[in-house]
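Colleague:
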Amino acid sequence: MTKTRLLASLVMAPVAVAAILLLPTPWMVALVTVVLLAGLWEWFDLAEIEDTLARSVLLVAHLGVMVAIVWASRWREGYTLVLYQVAAIVGVVWWLVALLWLGRSRFGSDHESFARVFKLAAAALAVIPAWCALAWIHAEQPGGHRWLLAALAIVWAADTGAYFTGRALGRHKLAPTISPNKTIEGMLGGVVAGVAAGVGFGILAGATTGDLPKVALVALAAVLFSVIGDLFESMLKRHVGVKDSGRLIPGHGGILDRIDGVLAALPVFALGKALLEF
Numbered sequence: 140m141t142k143t144r145l146l147a148s149l150v151m152a153p154v155a156v157a158a159i160l161l162l163p164t165p166w167m168v169a170l171v172t173v174v175l176l177a178g179l180w181e182w183f184d185l186a187e188i189e190d191t192l193a194r195s196v197l198l199v200a201h202l203g204v205m206v207a208i209v210w211a212s213r214w215r216e217g218y219t220l221v222l223y224q225v226a227a228i229v230g231v232v233w234w235l236v237a238l239l240w241l242g243r244s245r246f247g248s249d250h251e252s253f254a255r256v257f258k259l260a261a262a263a264l265a266v267i268p269a270w271c272a273l274a275w276i277h278a279e280q281p282g283g284h285r286w287l288l289a290a291l292a293i294v295w296a297a298d299t300g301a302y303f304t305g306r307a308l309g310r311h312k313l314a315p316t317i318s319p320n321k322t323i324e325g326m327l328g329g330v331v332a333g334v335a336a337g338v339g340f341g342i343l344a345g346a347t348t349g350d351l352p353k354v355a356l357v358a359l360a361a362v363l364f365s366v367i368g369d370l371f372e373s374m375l376k377r378h379v380g381v382k383d384s385g386r387l388i389p390g391h392g393g394i395l396d397r398i399d400g401v402l403a404a405l406p407v408f409a410l411g412k413a414l415l416e417f
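Residue numbers for the sequence shown follow this note's numbering, beginning at 140 and rising by one.
#1: Under 8 Å, with one C-beta from each stretch per pair, do the stretch 333-344 and the stretch 276-296 reach the 3-pair mark?
#2: Using DSSP with H/G/I as helix, E/B as strand and the rest coil, what is K321?
#3: Is it buried or exposed for P319, if we count other Cβ within 10 angstroms and need 16 for buried?
#4: At what residues does the beta strand (DSSP E) containing L423 begin and finish?
#5: List, from N- to C-terminal side, the alpha helix (DSSP H) runs of 4 residues or more that fit wholly inside the stretch 175-227.
#6: Within 10 Å of its beta-carbon, does M140 have 16 or more other beta-carbons around it, so buried, or fewer, so exposed?
#7: Please say whether L179 and V256 have beta carbons closer to each other than 7 Å?
#8: Under the assumption that A186 contacts A262 (Cβ atoms under 8 Å), give the Cβ distance between them as a whole number of angstroms.
#9: Where does V341 sit, in a helix, a strand or coil, going by DSSP?
#10: Please report the Cβ distance between Y223 and W275, rounded to the nearest whole angstrom; I am assuming they are in contact, meaning their Cβ atoms lie under 8 Å.
#11: Please name the residue in T316, A332 and R310 whose C-alpha comes closest to that of I323.
#12: Can you list, in chain order, the residues of its chain with a C-beta nearer than 7 Å to that of V171? Leave out the 5 residues immediately preceding and following it.
#13: Kindly list the residues whose CB is nearer than 6 Å to the CB of T164, restricted to its own chain and excluding five residues on each side of it in sequence; keep chain order.
#14: From this set, K321, G325 and L288, which residue's C-alpha is nearest T304's C-alpha?
#15: Pair every Cβ in the stretch 345-362 with every Cβ in the stretch 235-249, then say whether three or more of these pairs are closer than 8 Å.
#16: Do the stretch 391-400 and the stretch 193-203 meet, that is, are 3 or more Cβ pairs less than 8 Å apart?
#17: Taking the alpha helix (DSSP H) that H378 belongs to, which residues open and close that run?
#18: Do the CB positions of A301 and G328 come within less than 7 Å of each other?
#19: If you reduce the DSSP assignment to three classes, tell me which class A329 lands in.
#20: Within 10 Å of its beta-carbon, does K382 have 16 or more other beta-carbons around it, so buried, or fewer, so exposed?
#21: From F417 to L405, what distance separates their C-alpha atoms?
#22: Roughly how far, in whole angstroms, is the beta-carbon of S365 from the beta-carbon of A403, given that I think they are within contact range, below 8 Å?
#23: Please list, in chain order, all residues of the same chain as A158 whose beta carbon is under 8 Å from its beta carbon, the five residues on each side excluded.
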């Protein structure tokens, strides 16, 4: 499984990096829209929306919100990122609420209709703010594309560090009722790897020496939020009794399995970068 996981990563990573660095923001956002909508389709499985027509309507509704944000952000003098920024703030608040939900992980596990409502609301509050945060980071100049790469590298490094540290040193369970395989040691390894990646890629993005402590702080927050995102998806999967959100990516599961941490990390990175001004 580790070999398959590594090979899949070696294929996906160069494609993702090339898209981030080479595509203009509108095309980058369009590509990410497709990826996020694919993740949403898997989220509907976890929310137990079985009817294809209902799932299609929900998917189009989310796409409609994204299109509306793009349309409303255009004005006579150019383009404003205000709606994207507001949505990112909403995303940060949502993931703090999600942390409370993790503390009551059985909430929404009874397969009743009200549970679907909460899980669908969670989908919108997770996906749309992350999409807005990504567009915000990539569009800002100078070096927005490099800062987006730094934000994603933080999550990728944290995920890899947590995986291998957990396998080698993991002894104490992080959240045994939600994700039995995750350990505190793995999380700490992920934190170290994520912060190191943030500092390294921050330098490549143009951070000054004085900026590096601020970059490290935001990277730390992004890693911790990515853990919340990962655990939240694990909770949803446990509610419906599945191991992966899908089978699209060999060794990794579904799209949602790969972007759960990113969904939570991007809004906090975008907001932290703006507040600390680096």
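Idealized CB from N, CA, C, for every residue including glycine.
Modeller: So, to answer that:
#1: Verdict: yes, contact present.
#2: K321 carries a strand assignment under DSSP once its states are collapsed to helix, strand and coil.
#3: Classified as exposed, P319 has fewer than 16 neighbouring CB atoms from the shown chains inside 10 Å of its CB.
#4: Nothing in the structure corresponds to residue 423, since the chain is present only between 140 and 417.
#5: Within the stretch 175-227, the complete alpha helix (DSSP H) segments of 4 residues or longer fall at 191-211, listed in chain order.
#6: Low confidence applies here, because M140 scores a pLDDT of 48, under 50, leaving its location unreliable and the question unanswered by this model.
#7: In this structure, L179 does not lie closer than 7 Å to V256 by Cβ.
#8: Right, the Cβ-Cβ distance comes to about 7 Å (below 8 Å), so this counts as a contact.
#9: Looking at the sequence shown, residue 341 is not Val but Gly. Helix, per DSSP.
#10: At roughly 4 Å, the Cβ-Cβ gap stays under 8 Å, so Y223 and W275 are in contact.
#11: Of T316, A332 and R310, the residue nearest in Cα terms is R310.
#12: Cβ neighbours of V171 beyond the five flanking positions: W270 and L273.
#13: If we look at T164 and ignore the five residues flanking it on each side, its Cβ neighbours are H277 and A278.
#14: Out of K321, G325 and L288, G325 has the C-alpha closest to the C-alpha of T304.
#15: Fewer than three Cβ pairs drawn from the stretch 345-362 and the stretch 235-249 lie within less than 8 Å of each other, which leaves the two stretches out of contact.
#16: No, because fewer than three Cβ pairs between the stretch 391-400 and the stretch 193-203 fall closer than 8 Å, the two stretches do not touch.
#17: Per DSSP, H378 belongs to the alpha helix (DSSP H) from L351 to V379.
#18: One thing to note: A301 has its Cβ within 7 Å of the Cβ of G328.
#19: Note on identity: in this sequence residue 329 is Gly, with Ala being the wrong assignment. The answer is helix: DSSP assigns G329 an H, G or I state.
#20: Under a 10 Å Cβ-count criterion, K382 is classified as exposed, with fewer than 16 other Cβ atoms of the shown protein chains found around its own Cβ.
#21: Going by the C-alpha atoms only, they are around 16 Å apart.
#22: About 6 Å separates the two Cβ atoms, so the contact holds.
#23: Spatial neighbours of A158 in its own chain (CB-CB distance under 8 Å, excluding positions within 5 residues in sequence) are listed in chain order as M167 and L170.
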